[in-house]
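According to this note's numbering, the residues represented by the sequence shown are 46 to 305, in order.
All C-beta atoms in this analysis are idealised placements derived from N, C-alpha and C, irrespective of residue type, glycine included.
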Amino acid sequence: MDWGMKNRLSKIIKPKDGRTVMLAVDHGYFMGPTSGLEQLDSMVNPLLPYTDTLMLTRGALRNYITPTVDIPIVLRVSGGTSIIGKELLHEGTVVSIEDAIRLNASGVAYSILVGAEFERDTILGITQYIDEAERYGIPVLAVTAVGKEMKRDARYMSLASRIAAELGAHIVKTYFVSEFEKVIESCPVPVVIAGGKKQPEDEALKMAYDAIHAGAIGVDMGRNIFQSSDPISMIKAVNAIVHKNATPKEAFEIFKGKKK
Ligand code: R5P
């Protein structure tokens, strides 16, 4: 692995503990004005002190985030469909590697739809992007196991995550499921979990804790943070789980503002 690739990875995954709190606010690329992100800048800016890496689209980056901000960016580079279209998440490349470099991305994110009718398109799309990104030392985060019909169990998550890693992804993002250790054991690259739909805060914190303790290196969480009744307290609590080994109970106390 070359120096640039390692350096960018160390911006995304903090070398002090090998973990990361990634804040996912890229939902607009297929969901439009997602609840909580209508004014993306006023939601995201107060969360940045507790965020290691920000995952978003180039449009959101250009329009809502000041270039002087000190936060590593994982840029969403796949897309092409919407929640009202016929082929949800039948994605291809929507941002060139040159633009990702121009925007000074520390990494890029690309979704693959293993098991969907159009899996081949998304898998060939990511592999082509990995070839281009590796030319410039830019890590690719594979977003796996998305899509409504996907059976979310350890067997499927292991399959999707391992395929992403075998094809050259540098980080895999997937959903937390029971027996998550099996997903981690069979995936040779770091794994982060998506948050998924908004849940009660204590349940989302327990999920983050269980994922970390099963071997995930962090979270790439969106709705469970920005749709929380208190997003700042929620990201502080998630950060405590990821970086300070807080228990779900301790983290929930942080969320409620009862613990520093
Ligand atoms: C989905 O493909 C997007 O990358 C989202 O950013 C991702 O699902 C994480 O967000 P959430 O925690 O809201 O599921």
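By the three-class DSSP mapping on this structure, what secondary structure does R53 have? R53 falls in the helix class under three-state DSSP.
Spell out a yes or no on whether the stretch 229–240 and the stretch 258–276 are touching, meaning 3 or more CB-CB pairs, one atom from each, closer than 8 Å. With contact defined as three or more Cβ pairs closer than 8 Å, the stretch 229–240 and the stretch 258–276 are in contact.
Do V188 and ligand 1 come close, with the Cβ less than 7 Å from some heavy atom? Within the cutoff, so yes.
Quick test of the definition: if touching needs 3 or more C-beta pairs under 8 Å, does the stretch 149–157 touch the stretch 171–183? Result yes; three or more Cβ-Cβ pairs closer than 8 Å.
Secondary structure at V185, three-state DSSP: helix, strand or coil? Of the three classes helix, strand and coil, the one that applies to V185 here is strand, per DSSP.
Pair every Cβ in the stretch 265–275 with every Cβ in the stretch 67–83, then say whether three or more of these pairs are closer than 8 Å. The stretch 265–275, when compared against the stretch 67–83, does touch it at the 8 Å Cβ threshold.
Just to confirm, does D71 get its C-beta within under 7 Å of one of the non-hydrogen atoms of ligand 1? It does: the Cβ of D71 is within 7 Å (strictly closer) of some heavy atom of ligand 1.
For ligand 1, any of its heavy atoms closer than 7 Å to the Cβ of G240? For G240, the shortest C-beta to heavy atom distance toward ligand 1 is below 7 Å.
For I286, I'd like the list of residues in its chain whose CB is within less than 7 Å of its CB, leaving aside the five on either flank, ordered along the chain. Exclusion of the five residues before and after I286 leaves L250, A253, Y254, I257, A296 as the residues of its chain whose Cβ lies within less than 7 Å of its Cβ.
Do you know how far the Cα of H288 is from the Cα of S141? Distance between the alpha carbons of S141 and H288: 33 Å.
Alpha carbon to alpha carbon, how far is R103 from L92? In this structure, the CA atom of R103 is about 19 Å from the CA atom of L92.
Going by beta carbon distance, what residues of the same chain come within less than 6 Å of P293, once the five residues before and after it are set aside? Here the set comprises L250, K251, Y254.
Going straight from the alpha carbon of P112 to that of G73, what length do you get? Their backbone Cα atoms lie some 20 Å apart in a straight line.
From the DSSP output, in three-state form, read off I157 for me. In the structure shown, I157 adopts coil according to DSSP, grouped into three states.
Any contact of the stretch 200–208 with the stretch 159–170, i.e. 3+ C-beta pairs under 8 Å? Put simply, the stretch 200–208 touches the stretch 159–170. At least three CB pairs are less than 8 Å apart.
Given the structure, does N284 come close to ligand 1, in the sense that its CB is under 7 Å from one of the ligand's heavy atoms? No, the Cβ of N284 stays beyond 7 Å of every heavy atom of ligand 1.
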